[in-house]
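Peer 1: Numbering (full-length UniProt numbering), first residue to last: 1 to 156. Where is the CB? At the ideal position from N, CA and C, for every residue including glycine.
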């Protein structure tokens, strides 16, 4: 009987230590899960921007195919530039000028405020370049190397 009492007395607090160790392991696991979720959200946003850049490159190419004569004459050629987002943009001028203004507006509205685009023609070969800031909200450490560039080449 005395041996049982000694065994019970020596085991005091062991369960509490096991619970604390289990809580520590669980909290580290939950922090890791939260970190993985954050990384997944950032990657998803980056993939969304790349998809939008692809759609916008196809958009200006389709506009140029619809107005092929002006495209081949260089009316759509623009250097890398940015235009502020205006959701209610009412562009005026020729069809090509409206297309370019609407396309640049779409870049800044759908990608980021500092998104830039260019259309470069070399004979019948066109190169569409779209550049945007892909820092996904990290304003405090935004750098030039956070910029992504999408380049699309096609022939009209």
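1. Count the other CB atoms, across all protein chains shown, that sit within 10 Å of the CB of residue 75; report buried if there are 16 or more and exposed otherwise.
2. Note down, in chain order, each residue of its chain lying with its Cβ closer than 7 Å to the Cβ of residue 163, except the 5 sequence neighbours on either side.
3. How is residue 118 classed by DSSP in three states: helix, strand or coil?
4. Is residue 112 near residue 84, with beta carbons less than 9 Å apart?
5. Looking only at C-alpha atoms, which of 77, 60, 62 sits nearest to residue 123?
6. Taking only heavy atoms of the ligand ZN into account, decide whether any of them is closer than 8 Å to the Cβ of residue 87.
7. Which residues bound the alpha helix (DSSP H) around residue 100?
8. Can you tell me whether DSSP reads residue 155 as helix, strand or coil?
Peer 2: By the coordinates alone:
1. For the purposes of this step, residue 75 is taken as the residue at position 75 of the chain shown. Burial call: buried.
2. Examination of residue 163 is not possible in this model, given that the chain is present from 1 through 156 alone.
3. On the chain shown, position 118 is the one that residue 118 refers to. Strand.
4. Taking the chain shown and counting its residues from 1, the one referred to as residue 112 is at position 112. Taking the chain shown and counting its residues from 1, the one referred to as residue 84 is at position 84. No.
5. On the chain shown, position 123 is the one that residue 123 refers to. Minimum Cα distance to residue 123 is reached at 77.
6. What this structure holds is no ligand at all, so the ligand ZN is not there to describe.
7. In the chain shown, the residue the question calls residue 100 occupies position 100. 95 to 110 is the span of the alpha helix (DSSP H), which, as asked, contains residue 100.
8. Taking the chain shown and counting its residues from 1, one reaches residue 155 at position 155. Residue 155 falls in the strand class under three-state DSSP.
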